Each structure stands twice: as C-alpha cells, then as structure tokens.
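Trainee: This is the structure, below, for whatever I ask next.
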Amino acid sequence: MAGPSMSLDRLRVLRAFADRGTIAATAAALSMTPSAVSQQLKVLAKEAGVPLLEPDGRRIRLTDAGQALVVRADEVLAAMDRAAAEMAHYRESPRGRVRVALFPSGAALLLPLVLPALADSEIDVVARDEDVPPSAVPPLLADYDIVLTHRDERSGPLAGPRVSTRFLMREPIDVVVPPGHRLARQRAVAPAELAEESWLSVRGGFPVDDVLESIATVTGVQPRIAQRLNDFRAIEALVAAGYGVALMPRFAVTHPEVVVLRLSGVRAARSYDLVTRPHAERRPAVATVLAAFAEAARRITAE
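See below:
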C-alpha cells in the first residue's frame, strides 16, 4: 500500500535519474554522493509502495511504475514551480532566471532581438549553445527551461509525455556557390544541376544534411561530401574560397563573396521549435521569454 506522501526532494532525484540515466550521473548533477542518490530512490519506492527500479544488465533502469511516476513528478514539480512563480507575481512579476539552450546559428539570429527586448525586465536569461538533433533534446531539459531546436520541415515536431513543443518559424535552405561558379549567374537551381558537385555539409541528422539527402533521392546520385562542419561561418568561407558548394539556411548567410541560389524541385527549409517541459509557460518568466522569441521570429520572417 502506498505511503501517505512522497517527498518532493526525492521526486526531484527520481526525475534527475530519468534524465541522466545512471546513479553516478544523477549524483554529479545534484551534487550528491551515489550512495545518497540510491538511498533516496529506495526511500521513494517505499513511499510509493511499488518498485521504481529494476536491474538492466550491470545497470539499473526505471520500471514501468517508475516511468509513470516520473511523468507525475514532472507535473507535481511544475505545479510547485508555478506556485512559486504565482507568489513572485504578487511581489514583482515576471522575474527570475530562465535557462535557454540554442543551436549557434539560431542564437546568432534571434538573441540580438530577444535579449534587448528583455533588458528592462527582471528576467535573467542565461543562454548556452547546444547543437544536437531533435532526438537528443529531451535530456537537455534537465538543465534548461527552454531549448531552441531545428528540424527538416518535412519531419514532425518532437513529441513525448515529458516535452512540449512550439513551432517558432520557418527558414528556407538555399544553395551557396562561389562567384566564379558555372551556376552563379542563375537565380535558382534544380537538383539535377548539382549532381556532380563537391559539397560542404554539416553532420548527419541535421536539417541541412536532410535536404542534401533529398537531392540525392531526386538525382539518384550520392553527393560527394568533401567536409562536414557544424559551423556555417566556416562553410561559407570555404565556399567563397572555391572548395565546394553548400546548402545553407537563408538567414545564416553573411559572407559577401558567395552567391545564393534558390533550390527548386525540393522542399528545402528548416523549422525552428521551442521545447520545454509541459506547462512551463505557466511560470511568468518563461512565458515572457517564449513571447520574446515569438516576436523576434515574427520580425525576422516579416522582413
């Protein structure tokens, strides 16, 4: 039979274990010893009245009951955060620290609009660069309130019981060539015209590489990828120097010595999403930051 109550602190330990995957990583994240983490989880299982962990080879994992409790822990802890935020509302709202993770090109595009918009508020935005595929975003929510991520527009948004995803904006992906390139005088280019090119691309799993794979599907020719760099500044510099052609998000192109061509015959764009825990926007500071991103995106796409 379940105990009369479950400790909020122990629910936080359980959630951290779900996010981190190991006792050692959980202990490091919470500044606890591994034995203390294990003890807290054992006590929580007694409070819950059911096993929360089970062996998985040499490791341990959450039981089905443990996974279900993590979802409820998210709800309970979010409710406590909302309660604290509501009390802050009566003092002076919105206020507090909001931790934001962004991929670098998204940060370069949006932060120069978002941060000034919040400069006179009581919100402390702590931004860090994290460039990971959408599938790797959920673990980041252990450390961040908001994660800005990007995906090929043809793929669906990130979904799951412990995440909430908001579409932010669409950014076309264009072809970038050096000024002396045979296609440089054109305004648009078809996939077939690019079949024999040498490409500069990003790591697999990111939107630009997904579009390159689409070109390969249309042409039937696997692209020759000379370099993979998750840095658009480096990519466009190499294009300008004549080391290949590239696909680049439209708003990321800044180099004065490259030519931008529209890509025809392929849906080529990336979608920006803001990912949070469910109901995170009920905290006034988080809601204000989300609104600042939405307004920045509106201004950018309206130009």
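Under UniProt numbering, the letters of the sequence shown match residues 1 to 303, in that order. Don't be surprised by glycine CBs; every beta carbon is placed ideally from N, CA and C. Predicted model, so just to flag it, every value in this text is computed and none were measured.
#1: Whole angstroms is fine: what's the gap from S5's alpha carbon to E47's?
#2: Output the residue ranges of the alpha helix (DSSP H) runs that lie fully inside the segment 51–135 and measure 4 residues or longer, sorted by chain position.
#3: Could you check where the alpha helix (DSSP H) with E236 kicks off and where it finishes?
#4: Whole angstroms are fine: how far does the CA of L44 sit from the CA of L109?
#5: Rounded to whole angstroms, what's the CA-CA distance from F251 to E171? Just pull it up for me.
#6: Under 8 angstroms, with one C-beta from each stretch per pair, do the segment 231–241 and the segment 277–286 reach the 3-pair mark?
#7: Residue range of the beta strand (DSSP E) that A16 falls in?
#8: Between which two residues does the alpha helix (DSSP H) containing D209 stretch?
#9: Contact between the segment 152–166 and the segment 206–220 is defined here as three or more beta-carbon pairs at a separation below 8 angstroms; is this criterion met?
#10: Specify, as a first and last residue, the run of the beta strand (DSSP E) that F167 falls within.
#11: Residues in its own chain within less than 7 angstroms of E54 by CB, not counting five upstream and five downstream?
#12: When the Cα atoms are used, what is the spatial distance from I300 to V114?
#13: Alpha carbon to alpha carbon, how far is A193 from V176?
#14: Report the three-state DSSP secondary structure of A294 (helix, strand or coil).
#15: Between the beta-carbon of L69 and the beta-carbon of L141, is there less than 8 angstroms?
#16: Quick test of your reading: V260 and W199, contact by CB under 8 angstroms. State the CB separation rounded to the nearest angstrom.
#17: Does the Cβ of R97 have 16 or more other Cβ atoms within 10 Å, making it buried, or fewer, making it exposed?
#18: Which residue wins for smallest C-alpha separation from M248, given the options A291, Q40, G205 and S105?
#19: Between the C-alpha atoms of V23 and A188, what's the straight-line distance to the nearest angstrom?
#20: Take A294 and list the residues in its own chain whose beta-carbon comes closer than 6 angstroms to its own, dropping the five residues that flank it on each side.
#21: Would you call P134 buried or exposed, if buried means 16 or more other Cβ atoms sit within 10 Å of its Cβ?
#22: How should L8 be labelled, buried or exposed, when 16 other C-beta atoms within 10 angstroms of its C-beta is the threshold for buried?
Mentor: Looking at the coordinates:
#1: Taking the first residue of the sequence shown as position 1, residue 5 is located at position 5. Taking the first residue of the sequence shown as position 1, residue 47 is located at position 47. Using only the alpha carbons, I get a separation of about 6 angstroms.
#2: If we require 4 residues or more, the alpha helix (DSSP H) runs fully inside the segment 51–135 come out as 64–91 and 104–117.
#3: Here residue 236 refers to the residue found at position 236 when the sequence shown is read from its first residue. Start and end: F232 to A240.
#4: For the purposes of this step, residue 109 is taken as the residue at position 109 of the sequence shown. For the purposes of this step, residue 44 is taken as the residue at position 44 of the sequence shown. If I take the Cα positions, the gap works out to 44 angstroms.
#5: In the sequence shown, counting from the first residue as 1, residue 251 sits at position 251. In the sequence shown, counting from the first residue as 1, residue 171 sits at position 171. Whole-angstrom Cα-Cα distance: 7 angstroms.
#6: The segment 231–241, when compared against the segment 277–286, does not touch it at the 8 angstroms Cβ threshold.
#7: The residue you call residue 16 lines up with position 16 of the sequence shown. First-last for A16: L8 to R20, but that is the alpha helix (DSSP H), not the beta strand (DSSP E).
#8: Numbered from 1 along the sequence shown, position 209 holds the residue referred to as residue 209. Following the DSSP letters along the chain, one finds D209 inside the alpha helix (DSSP H) bounded by residues P207 to T219.
#9: yes
#10: For the purposes of this step, residue 167 is taken as residue 167 along the sequence shown, with counting starting at 1. Note, F167: beta strand (DSSP E), S164 to V177.
#11: The residue you call residue 54 lines up with position 54 of the sequence shown. Closer than 7 angstroms at Cβ, skipping near neighbours: I60, R61 and T63.
#12: Residue 300 sits at position 300 when you count from the first residue of the sequence shown. Residue 114 sits at position 114 when you count from the first residue of the sequence shown. Answer to the nearest angstrom: the Cα atoms are 12 angstroms apart.
#13: What you label residue 193 is simply residue 193 of the sequence shown in a count that begins at 1. What you label residue 176 is simply residue 176 of the sequence shown in a count that begins at 1. The sequence shown places Glu at residue 193, not Ala. Cα-Cα distance, rounded: 13 angstroms.
#14: Taking the first residue of the sequence shown as 1, we reach residue 294 at position 294. Note: A294 maps to helix in three-state DSSP.
#15: Numbered from 1 along the sequence shown, position 69 holds the residue referred to as residue 69. Numbered from 1 along the sequence shown, position 141 holds the residue referred to as residue 141. No; because the gap between Cβ atoms is not below 8 angstroms, this pair is not in contact.
#16: Within the sequence shown, numbered from 1, the residue matching residue 260 stands at position 260. Within the sequence shown, numbered from 1, the residue matching residue 199 stands at position 199. That belief does not hold up - the Cβ atoms of V260 and W199 are roughly 16 angstroms apart, past 8 angstroms.
#17: By 1-based counting over the sequence shown, the position of residue 97 is 97. R97 should be labelled exposed.
#18: If you number the sequence shown from 1, residue 248 lands on position 248. Closest option to M248, Cα to Cα, is S105.
#19: Indexing the sequence shown from 1 puts residue 23 at position 23. Indexing the sequence shown from 1 puts residue 188 at position 188. For clarity, residue 23 is Ile in the given sequence; the question names Val instead. Roughly 54 angstroms between the two C-alpha positions.
#20: On the sequence shown, position 294 is the one that residue 294 refers to. So the list is empty, once near-sequence residues are dropped.
#21: Here residue 134 refers to the residue found at position 134 when the sequence shown is read from its first residue. P134 comes out buried.
#22: The count along the sequence shown starts at 1 and reaches residue 8 at position 8. L8 comes out exposed.
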